[in-house]
Amino acid sequence: MAGTWQMQQKRSSASDFPPPSVIHNIDTKLVCQEKQNPNSPRPQEVHLTRSIQATSVADSSVAVPTWLKIQQWAARAHASEWGFATAAYQIEGPVAKDGRGISIWDTFCHLEPSRTKGASGDIACDHHHQYEEDFDLLSKYGAKAYRFSVSWSRTIPQGGRNDPLNEQGVSFYSRLIDSLVKGGITPCVTLYHWDLPQGLHDRHGGWLDVQESQLDFERYARSAGRHAPGRSGTNDLSEAGNSATEPWIAGEAQILSHVRAGIAYNKEFKPSQAGQIGISLTGDYYEPWDSTDSRDKEAAKRRIKLHIGWFANAIFLETDYPSCMRGQLGHRLPIVTEAEFGLLNEAEIDFYGMNYYTSQFGRHGEGHVPDTDYVGNLDELQHNKQGTPVGEKSAIHWLRSCPGLFRKHLTRIYSLYGKPICITENGCPCPGEDSMACKEAVDDAYRIKYFNSHLDSICKSIVDDGAVTKGFFAWAHLGEFSTISQDPVVHQPKNGLMDMAHVSASHSLITRP
Numbered sequence: 004m005a006g007t008w009q010m011q012q013k014r015s016s017a018s019d020f021p022p023p024s025v026i027h028n029i030d031t032k033l034v035c036q037e038k039q040n041p042n043s044p045r046p047q048e049v050h051l052t053r054s055i056q057a058t059s060v061a062d063s064s065v066a067v068p069t070w071l072k073i074q075q076w077a078a079r080a081h082a083s084e085w086g087f088a089t090a091a092y093q094i095e096g097p098v099a100k101d102g103r104g105i106s107i108w109d110t111f112c113h114l115e116p117s118r119t120k121g122a123s124g125d126i127a128c129d130h131h132h133q134y135e136e137d138f139d140l141l142s143k144y145g146a147k148a149y150r151f152s153v154s155w156s157r158t159i160p161q162g163g164r165n166d167p168l169n170e171q172g173v174s175f176y177s178r179l180i181d182s183l184v185k186g187g188i189t190p191c192v193t194l195y196h197w198d199l200p201q202g203l204h205d206r207h208g209g210w211l212d213v214q215e216s217q218l219d220f221e222r223y224a225r226s227a228g229r230h231a232p233g234r235s236g237t238n239d240l241s242e243a244g245n246s247a248t249e250p251w252i253a254g255e256a257q258i259l260s261h262v263r264a265g266i267a268y269n270k271e272f273k274p275s276q277a278g279q280i281g282i283s284l285t286g287d288y289y290e291p292w293d294s295t296d297s298r299d300k301e302a303a304k305r306r307i308k309l310h311i312g313w314f315a316n317a318i319f320l321e322t323d324y325p326s327c328m329r330g331q332l333g334h335r336l337p338i339v340t341e342a343e344f345g346l347l348n349e350a351e352i353d354f355y356g357m358n359y360y361t362s363q364f365g366r367h368g369e370g371h372v373p374d375t376d377y378v379g380n381l382d383e384l385q386h387n388k389q390g391t392p393v394g395e396k397s398a399i400h401w402l403r404s405c406p407g408l409f410r411k412h413l414t415r416i417y418s419l420y421g422k423p424i425c426i427t428e429n430g431c432p433c434p435g436e437d438s439m440a441c442k443e444a445v446d447d448a449y450r451i452k453y454f455n456s457h458l459d460s461i462c463k464s465i466v467d468d469g470a471v472t473k474g475f476f477a478w479a480h481l482g483e484f485s486t487i488s489q490d491p492v493v494h495q496p497k498n499g500l501m502d503m504a505h506v507s508a509s510h511s512l513i514t515r516p
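Throughout, our numbering is defined as the position within the sequence shown, counted from one, plus 3.
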């Protein structure tokens with residue numbers, strides 16, 4: 004799940020889609036933690052690029068590059084904000100530089116035995132040193148916006164509301180934003196992308212302490228509002244958690260933290276910065292496995308409600324969790340108090356940020372239901388009863404290209420919550436790409452087709468269905484360090500607009516995280 008606090012700066016140009024200036028994101032990810040402070044040397048780097056010639060959209064015989072497809076869509080949809088997205092731990096590198104503290108991702112990636120096959124974000128894309136070069140690429144593509152995340156541990160190393168601010172970390176992000184603004188690119192800043200400071204986890208369990216985490220995050224959000232947009236240790240494993248209850252506690256903490264940050268922004272910064280506030284949520288769309296079976300129809304609807312409504316009902320509708328979720332979880336789901344409803348009503352939320360990658364079929368389940376179940380005993384499948392796949396395969400088993408269902412998802416979300424939509428993440432890795440030679444891998448026809456079909460679905464949802472979509476961010480700008488959910492943590496196959504590679508001392512080519 005993801006929650007986003009976004010501020011939009013107003014411009015003088017007349018546009019139906021006012022541009023976002025700063026996004027702040029909250030994503031839920033519960034992992035096992037251990038303290039360690041890695042400091043790896045940076046290898047020599049080789050950039051893989053290709054010669055690109057702009058062509059007409061009408062000429063389908065010529066492969067049009069991904070960035071140009073997105074640019075053409077933006078013109079068709081009158082979307083003033085389009086660009087690419089990344090996240091701090093996945094691209095920055097230098098995890099111990101300039102006073103940065105340890106995050107739970109640093110800890111997780113250095114557990115022994117390794118859960119990540121030895122991979123980590125210690126180096127990643129070395130964006131910390133090379134952001135200006137990376138932004139030159141954005142300018143080359145004509146991108147209008149760039150969505151990135153701030154590392155909480157880099158700005159407040161221990162994370163707490165009474166802990167000192169790291170001026171070196173603040174200065175880094177200030178320079179980064181200045182570089183974007185100088186290039187005419189709107190900065191969209193994700194405030195939290197799963198990388199909780201390890202100090203907060205050690206101090207009070209992080210998001211599992213609902214009251215403490217709200218106050219810590221509110222201070223962090225204020226520091227970002229004040230500094231970011233100001234231009235118009237041990238090796239022991241942590242104690243095992245309780246997956247039957249803790250996700251819902253962490254979710255409650257993040258909903259309330261997002262709301263507090265939004266209220267603070269509206270009161271203290273919005274009058275001068277003219278921004279907007281939103282939340283970004285990750286969620287698939289579901290169709291019934293058997294379209295004639297009422298139980299499968301209900302299962303598909305229920306899965307969407309629980310995937311999205313967990314956060315969206317409170318944020319956008321100021322209501323309780325979905326009734327099916329309350330019925331399924333019972334006492335495990337926190338009770339929303341009158342005071343908390345008051346906070347929800349006070350927060351002004353302007354748009355819905357959507358992270359979308361794929362869709363699935365939902366089937367009523369008949370098997371044993373574990374204590375951790377919250378979706379009401381259903382199976383998630385990639386083929387329906389007739390054996391028809393939900394979409395074309397990608398390099399990841401759970402991600403299939405489903406542009407038609409993406410359109411349904413857009414229309415449903417806009418109809419249900421009534422807020423303009425910003426696509427904050429969308430993308431895919433190409434099949435077989437991780438084993439291809441470098442020159443073959445950069446010729447990503449599959450990815451071009453994926454983006455083209457999904458951008459076309461956005462246009463159809465706007466023109467034919469009446470949905471309002473204000474912007475689009477492709478994931479990702481660079482081939483970043485990442486993980487695949489439900490699998491052992493590994494490097495993703497290439498999914499960046501521009502992939503990179505490292506050359507080791509022996510001159511052998513290895514995938515750049």
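Beta carbons: idealized from backbone N, C-alpha and C, even for Gly.
- Counting C-beta pairs closer than 8 Å gives fewer than three between the stretch 318–336 and the stretch 397–405, which falls short of the contact rule.
- Lys273 is classed as buried because its beta carbon has at least 16 other beta carbons within 10 Å across all chains shown.
- Residue burial annotation: Glu351 is exposed, with fewer than 16 other C-beta atoms found within 10 angstroms of its C-beta.
- In the DSSP assignment, Tyr288 is bridged to Ser362.
- Annotation: the continuous beta strand (DSSP E) that includes Lys473 extends over 472–478.
- According to DSSP, Trp85 shares a beta bridge with Phe475.
- Scanning the stretch 107–188 from its first residue to its last, the whole beta strand (DSSP E) runs of 3-plus residues come out as 148–152.
- Linking Tyr377 to His334 through their CA atoms gives a straight-line distance of about 12 Å.
- As DSSP reads the structure, Ser404 sits in a beta bridge with Glu395.
- Rounded to whole angstroms, Asp205 and Asp181 show a C-alpha spacing of 34 Å.
- In this structure Ser154 touches Tyr92 by the C-beta definition: roughly 7 Å separates them, less than 8 Å.
- Close CB contacts of Ile318 within its chain, under the 8 Å cut and outside five residues either way in sequence, are with Gly6, Ile258, His261, Val262, Ile282, Leu347, Ala350, Ile352 (chain order).
- DSSP, read as helix, strand or coil, puts Gly281 in strand.
- Assigned with DSSP and collapsed to three states, Glu369 falls in coil, not helix or strand.
- The beta-bridge partner set that DSSP reports for Thr193 consists of Ser152.
- Where Asp382 is concerned, the enclosing beta strand (DSSP E) starts and stops at 381–384.
- Three or more beta-carbon pairs separated by less than 8 Å link the stretch 296–310 to the stretch 363–370, which places the two stretches in contact.
- Of the residues assessed, Gly390 falls on the exposed side of the cut-off, its CB having fewer than 16 other CB atoms within 10 angstroms.
- For Ala315 and Cys128, the gap between their C-alpha atoms comes out near 33 Å.
- If you draw a straight line from the Cα of Ala148 to the Cα of Tyr176, it is about 16 Å long.
- In this structure Glu428 touches Asn358 by the C-beta definition: roughly 4 Å separates them, less than 8 Å.
- If you check the CB distance, Ala99 and Trp478 do not come in under 7 Å.
- For Glu428, the enclosing beta strand (DSSP E) starts and ends at 424–428.
- One Cα belongs to Tyr289, the other to Arg225, and the distance between them is close to 37 Å.
- Per DSSP, the unbroken alpha helix (DSSP H) holding Asp299 starts and ends at 297–320.
- Shown here, Gly356 sits in a strand according to DSSP, grouped into three states.
- In the assembly as shown, Glu84 is a buried residue. Its beta-carbon has 16 or more other beta-carbons within 10 Å.
- In the DSSP secondary-structure assignment, Pro200 is bridged to Ser106.
- Excluding the 5 residues flanking it on each side, Leu336 has same chain C-beta neighbours closer than 7 Å at Trp251, Tyr324, Met328, Arg329, in chain order.
- With three or more CB-CB distances shorter than 8 Å, the stretch 444–458 counts as touching the stretch 404–419.
- A residue is called buried once 16 or more other Cβ atoms fall within 10 Å of its Cβ, and Gly86 is buried on that count.
- With 16 or more other Cβ atoms from the protein chains shown falling within 10 Å of its own Cβ, Cys191 counts as buried.
- Under the three-state reduction of DSSP output, Lys452 falls in the helix class.
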